[in-house]
Amino acid sequence: MQNRRAKLIFIYIAFIGMAVAVLFPLYWTLLVSTTTKIALFEKPIPYITGFVVENYSRPFLTDLYGGYLLNSLIIASGNAALVLALAIPAAYALCRFKIRGREHIFFWLITNRMAPPASFIIPLYMIFSGSVFRGIRLMDTHLGMILVYCIFNLPFAIWLLKGMIDAIPVELDEAAVVDGCSYLGILWKIIIPVAKPSIAVTAVLIWLFSWNEMLFASVLTGTRANTITCGVLKFVTVVGIDWGEMAAVSIVCLIPAAILVGVAQKHIVAGLSFGAVKE
Amino acid sequence: MHGTELKGWGFLSPTLVVLGFVGIFPFVYVLYLSLFYYNIFSLRGMVYVGINNFRKLMNDPKFMSALSKGLLFVMVTCGVEITLGLAIALLLSKKFVGRGVLRTIMTLPLAMAPVAIGSMWIVITRPAVGPVSYWLGKLGISYDISESALQAFFTTVIMDVWHWTPFVILAFLAGLTSLPREPMEAARVDGAGPWQTFRHVIFPLMRPILVTIVFIRIMDTFRIYDEVWALTSGGPGTATKYVSIHLVRMVLARQEYGYGASMSVFLLYLTIVMCWVLLNLITRVKREVYAE
Numbered sequence: 001m002q003n004r005r006a007k008l009i010f011i012y013i014a015f016i017g018m019a020v021a022v023l024f025p026l027y028w029t030l031l032v033s034t035t036t037k038i039a040l041f042e043k044p045i046p047y048i049t050g051f052v053v054e055n056y057s058r059p060f061l062t063d064l065y066g067g068y069l070l071n072s073l074i075i076a077s078g079n080a081a082l083v084l085a086l087a088i089p090a091a092y093a094l095c096r097f098k099i100r101g102r103e104h105i106f107f108w109l110i111t112n113r114m115a116p117p118a119s120f121i122i123p124l125y126m127i128f129s130g131s132v133f134r135g136i137r138l139m140d141t142h143l144g145m146i147l148v149y150c151i152f153n154l155p156f157a158i159w160l161l162k163g164m165i166d167a168i169p170v171e172l173d174e175a176a177v178v179d180g181c182s183y184l185g186i187l188w189k190i191i192i193p194v195a196k197p198s199i200a201v202t203a204v205l206i207w208l209f210s211w212n213e214m215l216f217a218s219v220l221t222g223t224r225a226n227t228i229t230c231g232v233l234k235f236v237t238v239v240g241i242d243w244g245e246m247a248a249v250s251i252v253c254l255i256p257a258a259i260l261v262g263v264a265q266k267h268i269v270a271g272l273s274f275g276a277v278k279e
Numbered sequence: 280m281h282g283t284e285l286k287g288w289g290f291l292s293p294t295l296v297v298l299g300f301v302g303i304f305p306f307v308y309v310l311y312l313s314l315f316y317y318n319i320f321s322l323r324g325m326v327y328v329g330i331n332n333f334r335k336l337m338n339d340p341k342f343m344s345a346l347s348k349g350l351l352f353v354m355v356t357c358g359v360e361i362t363l364g365l366a367i368a369l370l371l372s373k374k375f376v377g378r379g380v381l382r383t384i385m386t387l388p389l390a391m392a393p394v395a396i397g398s399m400w401i402v403i404t405r406p407a408v409g410p411v412s413y414w415l416g417k418l419g420i421s422y423d424i425s426e427s428a429l430q431a432f433f434t435t436v437i438m439d440v441w442h443w444t445p446f447v448i449l450a451f452l453a454g455l456t457s458l459p460r461e462p463m464e465a466a467r468v469d470g471a472g473p474w475q476t477f478r479h480v481i482f483p484l485m486r487p488i489l490v491t492i493v494f495i496r497i498m499d500t501f502r503i504y505d506e507v508w509a510l511t512s513g514g515p516g517t518a519t520k521y522v523s524i525h526l527v528r529m530v531l532a533r534q535e536y537g538y539g540a541s542m543s544v545f546l547l548y549l550t551i552v553m554c555w556v557l558l559n560l561i562t563r564v565k566r567e568v569y570a571e
């Protein structure tokens with residue numbers, strides 16, 4: 001009994017330690033976003049003393065950050081829609097059709113996902129600026145960013161959906177074939193309805209990846225398609241950081257993440273581990 | 280499995296077209312560019328130089344230092360994350376009130392934008408503003424990541440540990456709960472203590488999940504860019520200029536497309552080799568454990 005209690009106390013100490021460690025940077029950023037510039041340079045005060053609305057209103061209403069949010073929203077949603085439209089048939093094909101070299105396709109997909117984004121910067125920059133194919137100019141457009149995020153999100157989605165479609169019994173398809181259903185019909189009437197929850201989870205994760213991405217966005221967009229993550233970075237590189245506003249923009253940038261953790265918490269770990277870990 | 284190969288390719292083709300445009304073509308193009316001297320500022324235009332770029336790369340102290348710093352970062356970060364993650368997961372594997380809450384809290388960093396995490400860490404570490412340097416200053420430790428290379432390196436490590444240890448913990452927890460119960464019961468009946476049970480029963484069964492997580496973490500830390508760039512911009516000096524940052528900065532600042540392309544090819548080559556080795560390891564470990 002004594003031993004059990006000691007163990008529980010130990011667990012709760014670890015619990016509180018973990019919770020504090022994870023939440024502290026977030027809490028402090030929230031705190032800074034509510035503080036005036038002058039108050040910041042005094043002794044740090046670990047609780048919220050007031051609320052400076054200007055930190056939020058100035059960047060989003062008078063500055064360009066409202067537009068950045070809209071750009072992020074368009075790009076993330078567009079990318080999620082495009083990736084799903086492509087990945088569902090592709091995953092179906094890889095699961096249910098005899099395709100030579102399937103293993104190689106999978107290896108290629110996973111390498112694609114793991115490749116350093118930095119190594120794609122040069123060719124993408126040159127293609128986007130129109131110096132490879134004359135006439136194609138994707139630099140600083142929403143369409144360009146929607147396409148470019150397919151590099152990592154499409155292999156990821158195929159990988160995730162493949163695991164989910166594999167779990168659907170093949171007998172369902174075969175019964176439909178006997179009934180004279182076409183493959184497109186099977187995909188539309190059987191696979192998609194059965195895999196709907198998994199498709200929703202995939203969509204949520206892809207949306208989040210696109211929303212969070214910064215490197216491609218900072219190199220391949222300028223003024224028209226700048227995303228919110230580029231906006232966060234702008235504070236850092238400009239001389240003399242406006243702490244309150246930077247914190248406020250970071251907090252707003254994190255809102256979708258917080259919402260999605262609430263909605264799809266269980267699937268985030270499974271998703272990040274390519275379905276290798278199931279909770 | 281059913282259906283003809285041709286129809287299968289039909290379903291795959293839209294994906295192949297898009298990935299061909301944004302993935303395969305850039306890959307081929309970067310291979311091609313890596314054989315040229317090509318600097319936008321130079322009047323010479325594109326000059327074929329064969330494998331000279333790679334020869335230069337192998338003797339480039341700046342690149343080698345960025346690569347070794349990147350690899351050191353991978354080793355330290357993954358080592359800390361895996362050990363810490365496994366220990367905490369074992370501790371939290373018991374049922375207790377509030378486990379769900381902790382789980383939610385730990386999932387939070389996983390969903391956050393890396394660049395926002397970088398800016399959060401600026402807010403807490405910058406001298407004159409951040410609480411960390413203030414409190415450390417009270418203890419008599421001067422802490423300034425824009426001055427001390429060592430502190431900057433370890434701050435990036437701690438930031439990544441903060442960001443990703445929860446993932447390791449949650450993944451291990453999921454793995455622990457899915458383990459079969461009988462071997463553990465049997466070990467207890469045989470009188471094994473907690474450490475012996477872990478060493479001889481739990482750990483061997485956990486190996487597939489362990490190698491999978493190690494694989495994911497190694498690949499992710501190797502290509503890190505956003506958070507570190509936001510926090511330190513690769514500085515002070517080149518202390519946290521890991522390999523991705525080095526590449527992007529060189530391309531953007533000096534417009535060395537040919538040389539940068541050879542660097543990209545080298546990184547992609549390393550990625551492919553690491554993926555191949557680690558995926559084979561995963562397959563082998565899985566086969567060993569599940570065959571038992």
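So the protein sequences, as listed, match chains A and B.
Quick note on the numbering used here: the first sequence kicks off at 1 and runs consecutively.
Quick note on the numbering used here: the second sequence kicks off at 280 and runs consecutively.
Backbone N, C-alpha and C fix where the C-beta goes; we use that ideal spot for every residue, glycine too.
Under the three-state reduction of DSSP, residue 326/B is assigned to strand. Within its own chain, the residues whose Cβ lies closer than 6 Å to the Cβ of residue 313/B, once the five positions on either side in sequence are excluded, are 332, 540, 541 and 544, listed in chain order. Against chain A, a Cβ distance below 7 Å from residue 498/B picks out 114.
Chain B places no beta carbon closer than 8 Å to that of residue 201/A, leaving this residue out of the contacts. Residue 367/B is a Cβ neighbour of residue 18/A, given a cutoff of 8 Å.
Unbroken alpha helix (DSSP H) runs of no fewer than 4 residues, entirely contained in the segment 181 to 234 of chain A, are found at 183 to 186, 196 to 212 and 215 to 220, following chain order. Straight-line measurement puts the Cα of residue 448/B at about 15 Å from the Cα of residue 390/B. Between the C-alpha atoms of residue 401/B and residue 170/A there is a straight-line separation of about 52 Å. Among the CB atoms of chain B, one or more fall inside 8 Å of the CB of residue 211/A. Here residue 178/A is exposed. Its C-beta has fewer than 16 other C-beta atoms within 10 Å. Taking 8 Å as the Cβ-Cβ cut-off, the segment 365 to 379 of chain B approaches chain A at 367, 370, 371, 373, 375 and 377, given in chain order.
Around the C-beta of residue 44/A, 16 or more other C-beta atoms lie within 10 Å, and the residue is accordingly described as buried.
Against residue 435/B, chain A offers no close residue; the least beta-carbon distance is about 14 Å (beta-carbon pairs closer than 9 Å).
With a 10 Å radius around the Cβ and a threshold of 16 neighbouring Cβ atoms, residue 29/A comes out buried. The way I'd put it, the segment 336 to 356 of chain B does touch the segment 513 to 526 of chain B; three or more beta-carbon pairs between them come closer than 8 Å. If only complete runs of 4 or more residues are kept, the segment 53 to 110 of chain A shows the alpha helix (DSSP H) at 54 to 57 and 65 to 96, in order along the chain.
Under the three-pair Cβ rule at 8 Å, the segment 291 to 304 of chain B counts as touching the segment 78 to 95 of chain A. Rounded to the nearest whole angstrom, the C-alpha separation of residue 564/B and residue 487/B is 6 Å.
Counting only residues of its own chain and dropping the five nearest sequence neighbours on each side, residue 69/A has a CB closer than 6 Å to the CB of 228.
Within the segment 502 to 530 of chain B, the residues whose Cβ lies closer than 7 Å to any Cβ of chain A are, in chain order, 502, 504, 505, 509, 523, 526, 527 and 530. At the C-beta level, residue 269/A and residue 277/A come within 8 Å of one another. Taken through DSSP and simplified to helix, strand or coil, residue 535/B comes out as strand. Contacts with chain B at 8 Å (Cβ-Cβ) include residue 100/A. In the three-state scheme derived from DSSP, where H, G and I count as helix and E and B as strand, residue 318/B is classed as strand. Closer than 8 Å to the CB of residue 284/B there is at least one CB belonging to chain A. Between residue 38/A and chain B, the shortest Cβ-Cβ separation is not below 8 Å. A Cβ-Cβ separation of about 4 Å places residue 395/B in contact with residue 250/A under the 8 Å criterion.
In the displayed model, residue 179/A falls within coil according to three-state DSSP, outside both helix and strand.
One finds nothing in chain A with a Cβ atom closer than 7 Å to the Cβ of residue 357/B; even the nearest lies about 14 Å away.
Comparing alpha carbon positions, the residue from 304/B, 310/B, 414/B and 289/B closest to residue 547/B is 310/B.
Burial check for residue 337/B: the Cβ neighbour count within 10 Å stays below 16, so the residue is exposed.
Judged by DSSP secondary structure, residue 141/A falls outside any alpha helix (DSSP H); it is assigned neither H nor E.
Between residue 335/B and residue 538/B, the C-beta gap is smaller than 8 Å, which places the two residues in contact. Approximately 6 Å separates the beta-carbon atoms of residue 550/B and residue 111/A; this is inside 8 Å, confirming the contact.
Cα atoms of residue 506/B and residue 26/A: separation of roughly 15 Å, rounded to the nearest angstrom. The way I'd put it, the segment 216 to 223 of chain A does touch the segment 136 to 144 of chain A; three or more beta-carbon pairs between them come closer than 8 Å.
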